[in-house]
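Trainee: Per the numbering used here, residue 119 is the first one in the sequence shown, and the count goes up by one each step.
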Amino acid sequence: MEFIPISEPNIGEKELNNVIDCIKSTWISSIGKYITEFENSFSSYCGVKYGVSVANGTLALQLALKSLNIGFGDEVIIPNLTFVATANAVTYLGAKPVLVDCEIETWNIDPTKIEKAITSKTKAIIPVHLYGHPCNMDPIMSIAKKYNLKVIEDAAEAHGSEYKGKKVGSIGDIGCFSFYGNKTITTGEGGMCITNNKTLANKMRFLKDHGMSTKKRYWHKEIGYNFRMTNMQAAIGCAQIEKIDKFIDIKRKNAFIYNSFLKDCAEIILPPEKEWAKNTFWLYSILLKNTNINQLIKKLKEKNIDSRRFFYPINVLPPYKQKGDYKVSNMLSKNGISLPSSVNLTEEKIKYICHSLLEILREISGNSSSNTRRF
Ligand SMILES: *Cc1c(COP(=O)(O)O)cnc(C)c1O
């Protein structure tokens, strides 16, 4: 079998034609028709009024935090299991990411553990919809309301995922997305903040363009940034957004094919999909009860199958190293693995991946260094 990557972008004629059109027009910087078109089409896809494009997903988080006046001395609650960008964005602003453990049911931030982490310095919560499964938003929103906190959704891995029929990113004050090459839709590098709040949208537009007055050019009454997306990136995005529903349908169909082959293996825990959730399975991910993940990844590679361990929990990374009640996130990180999840995947390849995985598990079962029999 040829090498099967964990995730590869699906780029077609339309993307190519849009980029050619963009280059021929010479509007290759951050002004141009594709920018507005992409902001409008993506935000309306999410059911939200305003979209503010940025150069990548990390900047989307940073811009969202800054527009909510979060800065030095403030605390922001984030899940302990996430991509490091969530924590870094908070740190860049001089604020402190406060780590909260995750729940087994969704692999996302555990809403029952948030209140304990709130102090007089807490300003916001960033729930992360990990691997495409939405967070349990109702309890998060009511805690935010009770303590007057802002909610920024990190939806970088969950374009189109739904919580009780609502698209993620549309529930909190601001939703942040990434369009990196391996995300559900891509612009190469890219990101967007979405919101229904006009004041916040204007503030973000102002801040991402050097804090320049819209009425008086080159008048900067605040220190802003250059976080702008290019028209070329947006040109790709305009073609991608047309296909997003098709991509999600394929990802869900592929996930159910994976499930059907893996469901009878006692060693494997399938990815969650709560009754209130539509999971878009950004990366099809499973937990293994008693297997050495690194060994498994190596063996899969020998069979030309790319796979990836879960993120390391933030609390073990050198810049954020700390002790605390992080049992679940550490367990998930230790036992989780993501399997190839490209839209281009065929049923034959999924069958090959599952067959190989089950074979390897039979082969290596018993000689494991992991001890998580408490599932
Ligand atoms: C990808 C990702 C980001 C950051 O996006 P970039 O575009 O790579 O900067 C942030 N949060 C999460 C959870 C991500 O997966």
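Backbone N, C-alpha and C define an ideal beta-carbon position, used for all residues, glycine too. Keep in mind the model is a prediction, meaning the values are calculated, not measured.
Assuming ASP192 is part of the alpha helix (DSSP H), what are its boundary residues?
Mentor: Unbroken run through ASP192: none, as it is neither H nor E.
Trainee: Answer yes if the segment 267 to 277 comes into contact with the segment 238 to 249, meaning at least three C-beta pairs across the two stretches below 8 Å, and no otherwise.
Mentor: Because the criterion of three Cβ pairs below 8 Å is met, the segment 238 to 249 and the segment 267 to 277 touch.
Trainee: Cβ of ALA203 versus every heavy atom of ligand 1: is any distance shorter than 7 Å?
Mentor: yes
Trainee: Are at least three pairs of beta-carbons, each pair with one atom in the segment 183 to 198 and one in the segment 349 to 365, less than 8 Å apart?
Mentor: no
Trainee: Exposed or buried, ASN254, counting other C-beta atoms within 10 Å across all chains shown (16 or more means buried)?
Mentor: buried
Trainee: Under a three-way DSSP split, which group does LEU405 fall into?
Mentor: In the structure shown, LEU405 falls within a strand segment according to DSSP collapsed to helix, strand and coil.
Trainee: Under 8 Å: do the segment 194 to 202 and the segment 159 to 169 share three or more Cβ pairs, one atom per stretch?
Mentor: no
Trainee: Taking the alpha carbon of SER403 as the point to measure from, which residue in ALA207, ALA373, ILE423 and HIS328 has its own alpha carbon closest?
Mentor: ALA373
Trainee: Tell me whether THR302 is buried or exposed, calling it buried when 16 or more other Cβ atoms sit within 10 Å of its Cβ.
Mentor: buried
Trainee: When every heavy atom of ligand 1 is checked, does at least one fall within less than 7 Å of the C-beta of THR502?
Mentor: Nothing about residue 502 can be reported from this structure: the residues present for the chain run from 119 to 493 only.
Trainee: Pick helix, strand or coil for SER488, following the three-state DSSP scheme.
Mentor: With a pLDDT of only 46 at SER488, under the threshold of 50, the placement of this residue in the model should not be trusted, and no figure is reported.
Trainee: List the endpoints of the continuous beta strand (DSSP E) containing LEU457.
Mentor: 454 to 457
Trainee: Which partner residues of SER171 appear in the DSSP bridge assignment?
Mentor: MET310
Trainee: Mind checking ALA384: buried by the 16 CB within 10 Å criterion, or exposed?
Mentor: exposed
Trainee: Tell me which residues share the same chain as LYS151 and place their Cβ nearer than 6 Å to its Cβ, disregarding the 5 neighbours each side in the sequence.
Mentor: none
Trainee: Is the segment 450 to 461 close to the segment 426 to 439, with three or more CB pairs under 8 Å?
Mentor: Touching, yes.
Trainee: Rounded to whole angstroms, what's the CA-CA distance from PRO123 to PRO458? Just pull it up for me.
Mentor: 6 Å
Trainee: At which residue ranges does the segment 271 to 331 contain complete beta strand (DSSP E) runs of 3 or more residues, listed in the order of the chain?
Mentor: 292 to 296 and 309 to 313
Trainee: According to the neighbour-count rule (16 or more other Cβ atoms, all chains shown, within 10 Å of its Cβ), is LEU380 buried or exposed?
Mentor: buried
Trainee: For SER487 and ASP367, what's the separation of their Cα atoms in angstroms?
Mentor: Here SER487 scores only 46 on pLDDT, less than 50, and its place in the model is too uncertain to base an answer on.
Trainee: Helix, strand or coil for ARG427 per DSSP?
Mentor: In the three-state scheme derived from DSSP, where H, G and I count as helix and E and B as strand, ARG427 is classed as strand.
Trainee: Let me confirm a value: ASN397 is counted as buried when at least 16 other C-beta atoms fall within 10 Å, else exposed. Which label applies?
Mentor: buried
Trainee: Enumerate in chain order the residues of its own chain whose CB-to-CB distance from TRP337 is below 6 Å, with the five nearest sequence positions on each side excluded.
Mentor: SER331
Trainee: Cutting at 7 Å between CB atoms, please list the residues of its own chain near SER148, excluding the five before and the five after it.
Mentor: ARG346, MET347, THR348 and ASN349
Trainee: Mind checking who CYS220 pairs with in its DSSP beta bridge?
Mentor: ILE227
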